[in-house]
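Undergrad: Right, I'll just put the structure down here and ask away after.
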Amino acid sequence: MTTRITMAAATSGHAEGGSGLNAFDNALLVAGIGNINLIKVSSIVPPEVAIIDLPKIRPGALVPTAYAAITSETPGETIAAAVGYALPDDPAKNGVIMEFHGVATRAEAERAVETMLAEAFRMRGEIIREQGVVAAEHRVERIGCALAAMTLLTEENLV
Amino acid sequence: MTTRITMAAATSGHAEGGSGLNAFDNALLVAGIGNINLIKVSSIVPPEVAIIDLPKIRPGALVPTAYAAITSETPGETIAAAVGYALPDDPAKNGVIMEFHGVATRAEAERAVETMLAEAFRMRGEIIREQGVVAAEHRVERIGCALAAMTLLTEENLV
Amino acid sequence: MTTRITMAAATSGHAEGGSGLNAFDNALLVAGIGNINLIKVSSIVPPEVAIIDLPKIRPGALVPTAYAAITSETPGETIAAAVGYALPDDPAKNGVIMEFHGVATRAEAERAVETMLAEAFRMRGEIIREQGVVAAEHRVERIGCALAAMTLLTEENLV
Numbered sequence: 076m077t078t079r080i081t082m083a084a085a086t087s088g089h090a091e092g093g094s095g096l097n098a099f100d101n102a103l104l105v106a107g108i109g110n111i112n113l114i115k116v117s118s119i120v121p122p123e124v125a126i127i128d129l130p131k132i133r134p135g136a137l138v139p140t141a142y143a144a145i146t147s148e149t150p151g152e153t154i155a156a157a158v159g160y161a162l163p164d165d166p167a168k169n170g171v172i173m174e175f176h177g178v179a180t181r182a183e184a185e186r187a188v189e190t191m192l193a194e195a196f197r198m199r200g201e202i203i204r205e206q207g208v209v210a211a212e213h214r215v216e217r218i219g220c221a222l223a224a225m226t227l228l229t230e231e232n233l234v
Numbered sequence: 076m077t078t079r080i081t082m083a084a085a086t087s088g089h090a091e092g093g094s095g096l097n098a099f100d101n102a103l104l105v106a107g108i109g110n111i112n113l114i115k116v117s118s119i120v121p122p123e124v125a126i127i128d129l130p131k132i133r134p135g136a137l138v139p140t141a142y143a144a145i146t147s148e149t150p151g152e153t154i155a156a157a158v159g160y161a162l163p164d165d166p167a168k169n170g171v172i173m174e175f176h177g178v179a180t181r182a183e184a185e186r187a188v189e190t191m192l193a194e195a196f197r198m199r200g201e202i203i204r205e206q207g208v209v210a211a212e213h214r215v216e217r218i219g220c221a222l223a224a225m226t227l228l229t230e231e232n233l234v
Numbered sequence: 076m077t078t079r080i081t082m083a084a085a086t087s088g089h090a091e092g093g094s095g096l097n098a099f100d101n102a103l104l105v106a107g108i109g110n111i112n113l114i115k116v117s118s119i120v121p122p123e124v125a126i127i128d129l130p131k132i133r134p135g136a137l138v139p140t141a142y143a144a145i146t147s148e149t150p151g152e153t154i155a156a157a158v159g160y161a162l163p164d165d166p167a168k169n170g171v172i173m174e175f176h177g178v179a180t181r182a183e184a185e186r187a188v189e190t191m192l193a194e195a196f197r198m199r200g201e202i203i204r205e206q207g208v209v210a211a212e213h214r215v216e217r218i219g220c221a222l223a224a225m226t227l228l229t230e231e232n233l234v
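Protein chains in written order, with this note's numbering: chain X, 76 to 234; chain D, 76 to 234; chain Y, 76 to 234.
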């Protein structure tokens, strides 16, 4: 896969839907990534990538994305998903992305991701220069989804 | 990921196997996509893509594919998988792919996908110009798999 | 996806972690693939690909990878993951990759993969010229992960 990732953007969303997959689709639309093809990756920010706000992405683009999602059909349940990134002091080294989803609050999801990022950097012997977490919380009415995603983008993905 | 998707082709298959993974592999062979690398995507038909019959694809090609699959080890159980696409009136906009798999009949799987596509278009404020659904149903003998897939193809994937 | 896969390399690892995802991340680091983006594929060795030892891969590279992983939070449990490849007599044809993970020993995981590869080749009417299996076994202390992976590489993935 040729193209060099030069940007990364995080986003999140939550929604109800008529089915689990529709709730997921609707949450993606809310998050601004409902009209692209997500390719799930596990889960690294390449070196020298700029963290940007979610840009307009070409419809149908194939976008490597680290994401966490949870769908629930239990009315009243609170679900949450979070994705966080951490970048190292040394810009020549890669960053790390961590994900969490579960029956949890937004704050719990965020804390879980922060703990995971800290361990990931400790294991790599690196120091975190910058980090960020996005999360979504959803209280289920009938069928709901919460998701958080970090897209890895190339220039040609942009409109 | 550089290459522009210009074609999409749907297919389905079902089979028995000596293990769950072999049943899946055998169902892929039946579907005509057993010798390529499927990369799971979630799940958009890019604008101006031609819907074609499944072509001969280069062995080992990396092919972004939306797919649904179910494996069962319960003899006598009926399982089904379906994938459907819908394209919008406006050819500059993207289409949507929806998937279903479960302990169900082929007709139930097809209906589920059609309902999901209708909601997806309602949410996008678009009108469906054209749609199609492929499905597979399997009655399990020992270990069985039913799958349906929509491959997203580039010129260079073709033999 | 333009780029032609020309090499494949297998690896495995196991580790403990503070969470399931950290155990997975730590096992990837042990396996030498903790700083790249794995894109899960299902699961073919393209024709005329060289099987090599795991090289140094560019951090953050997007690498199509067939992998099996299992995480457990049951202290004392033995878990294992294995990935195997088989290449056909005819070098113009593709090989196959099979994966196994479960509560099992390393030997059981290896045997499962070999049985699956044999069936895959029988179904394709091909003869295995060469095959290899890598596996990892882990005895869980608190939260553990075992994984095995086969990376599909291009020249530009290498450092």
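Glycine residues also receive a C-beta, built at the ideal position from the N, C-alpha and C atoms.
Along chain Y, which residues have their Cβ under 7 Å away from the Cβ of N169 of chain X?
TA: The answer, in chain order, is N110, P134 and G135.
Undergrad: So which residues on chain X does L104 of chain Y lean against when the C-beta distance must stay under 8 Å?
TA: What L104 of chain Y touches in chain X: M198 and R199.
Undergrad: Check whether the Cβ atoms of G170 of chain D and A157 of chain D sit closer than 8 Å, and answer yes or no.
TA: No, the pair does not count as a contact, with Cβ atoms beyond the cut-off.
Undergrad: Within 8 Å, do at least three Cβ pairs link the segment 139-152 of chain D to the segment 190-205 of chain D?
TA: No, the segment 190-205 of chain D does not touch the segment 139-152 of chain D.
Undergrad: Exposed or buried, what is P121 of chain X when buried is set at 16 or more other beta-carbons lying within 10 Å of its beta-carbon?
TA: By the neighbour-count rule (16 or more Cβ atoms within 10 Å), P121 of chain X is buried.
Undergrad: If I measure Cβ to Cβ from D165 of chain Y and keep anything under 8 Å in the same chain, skipping five residues before and after, which residues do I get?
TA: So the qualifying residues of the chain are E201.
Undergrad: Go ahead and label L227 of chain Y buried or exposed: buried means 16 or more other beta carbons lie within 10 angstroms of its beta carbon, across all protein chains shown.
TA: Its Cβ being crowded by 16 or more others within 10 Å, L227 of chain Y is buried.
Undergrad: Quick one: is G92 of chain D buried, meaning 16 or more other Cβ sit within 10 Å of its Cβ, or exposed?
TA: Burial call: buried.
Undergrad: Give the single residue among X:E183, X:I154 and X:M82 whose Cα lies nearest to the Cα of E212 of chain X.
TA: Residue X:I154 is the option with its Cα nearest to E212 of chain X.
Undergrad: Can you confirm whether V116 of chain X, when its beta carbon is compared against all beta carbons of chain Y, has any partner nearer than 8 Å?
TA: At least one chain Y Cβ lies under 8 Å of V116 of chain X.
Undergrad: On the premise that A84 of chain D lies in contact with P130 of chain D, defined as a C-beta separation below 8 Å, what is that separation, rounded to the nearest angstrom?
TA: Yes, they are in contact, since the Cβ atoms of P130 of chain D and A84 of chain D sit about 7 Å apart, within 8 Å.
Undergrad: Using a Cβ-Cβ cut-off of 8 Å (strictly less than) and excluding sequence neighbours within five positions of L222 of chain Y, which residues of its own chain qualify?
TA: Cβ within range, chain order: S87, G88, H89, F99, A102, L103, A106, Y142, A143, A144, I145, A156, H176 and A211.
Undergrad: Of the choices X:S94, X:T78 and X:V234, whose alpha-carbon is the least far from that of E216 of chain X?
TA: Ranking X:S94, X:T78 and X:V234 by Cα distance to E216 of chain X puts X:S94 first.
Undergrad: Are any of the Cβ atoms in chain D nearer than 8 Å to that of M191 of chain Y?
TA: Judged by the 8 Å Cβ criterion, M191 of chain Y is in contact with chain D.
Undergrad: Contact criterion: CB-CB distance below 8 Å. Does S147 of chain Y meet it with respect to chain X?
TA: Not closer than 8 Å to any Cβ of chain X, the Cβ of S147 of chain Y fails to qualify, so no.
Undergrad: Whole angstroms is fine: what's the gap from T190 of chain D's alpha carbon to V116 of chain D's?
TA: The alpha-carbon atoms of T190 of chain D and V116 of chain D are separated by roughly 20 Å.
Undergrad: Which of the three DSSP states, helix, strand or coil, is assigned to L222 of chain Y?
TA: L222 of chain Y: strand per DSSP, three-state reduction.
Undergrad: By Cβ distance, which residues of its chain are closer than 7 Å to N232 of chain X, with the 5 residues on each side in sequence left out?
TA: Within the same chain, N232 of chain X has close Cβ partners I132, R133, A136 and V138.
Undergrad: So, using beta-carbon positions, are F224 of chain D and I108 of chain D closer together than 8 Å?
TA: For the sequence presented, residue 224 of chain D should be read as Ala rather than Phe. Taking 8 Å as the Cβ cut-off, A224 of chain D and I108 of chain D qualify as a contacting pair.
Undergrad: Please confirm whether G219 of chain Y and S147 of chain Y have their CB atoms less than 8 Å apart.
TA: It is a contact, given that the beta carbons lie within the stated cut-off.
Undergrad: Excluding the 5 residues preceding and the 5 following D128 of chain D in the sequence, name in chain order all residues of the same chain whose CB lies nearer than 7 Å to its CB.
TA: Correct list, in chain order: A84.
Undergrad: Tell me which residues share the same chain as M76 of chain Y and place their Cβ nearer than 6 Å to its Cβ, disregarding the 5 neighbours each side in the sequence.
TA: At M76 of chain Y, the pLDDT of 46 sits below 50, so the modelled position is not reliable and the matter cannot be decided from this model.
Undergrad: If we call anything under 8 Å between Cβ atoms a contact, is V178 of chain D one with G159 of chain D?
TA: Contact: no.
Undergrad: Ends of the beta strand (DSSP E) at R204 of chain D?
TA: Residues I203 to R214.
Undergrad: Under 8 Å, do E194 of chain D and N97 of chain X count as touching if we go by C-beta distance?
TA: Yes, Cβ-Cβ distance for E194 of chain D and N97 of chain X is below 8 Å.
Undergrad: Helix, strand or coil for V178 of chain X, going by three-state DSSP, please let me know.
TA: The answer is coil: DSSP assigns V178 of chain X none of H, G, I, E or B.
Undergrad: Could you compute how far the alpha carbon of E123 of chain X sits from the alpha carbon of V234 of chain D?
TA: Computed Cα separation, rounded: 37 Å.
Undergrad: Rounded to whole angstroms, what is the Cα-Cα separation between T81 of chain D and I126 of chain D?
TA: For T81 of chain D and I126 of chain D, the distance between alpha carbons rounds to 9 Å.
Undergrad: If you draw a straight line from the alpha carbon of F196 of chain X to that of M173 of chain X, how long is it in whole angstroms?
TA: If you take the alpha carbons of F196 of chain X and M173 of chain X, they lie about 11 Å apart.
Undergrad: Go to V105 of chain Y, then tell me how far its beta strand (DSSP E) extends in each direction, as first and last residue.
TA: V105 of chain Y -> not in any beta strand (DSSP E); alpha helix (DSSP H) instead, spanning G95 to A106.
Undergrad: When the Cα atoms are used, what is the spatial distance from T229 of chain X to A182 of chain D?
TA: Each residue's alpha carbon lies about 41 Å from the other.
Undergrad: Check whether chain Y comes within 8 Å of A184 of chain X, counting only Cβ atoms and requiring the distance to be less than that.
TA: Closer than 8 Å: no.
Undergrad: Taking the straight line between their C-alpha atoms, what separation do you get for M198 of chain Y and A167 of chain Y?
TA: Their Cα atoms are separated by approximately 18 Å.
Undergrad: To which residues of the same chain is G151 of chain D closer than 8 Å at the C-beta, ignoring the five residues directly before and after it?
TA: Here the set comprises R214 and V215.
Undergrad: Starting from N110 of chain D, follow the beta strand (DSSP E) in both directions and report where the run begins and ends.
TA: First-last for N110 of chain D: undefined, no H or E at that position.
Undergrad: In the structure shown, what three-state DSSP assignment does L227 of chain D receive?
TA: In the structure shown, L227 of chain D sits in a strand (DSSP, three-state: E or B).
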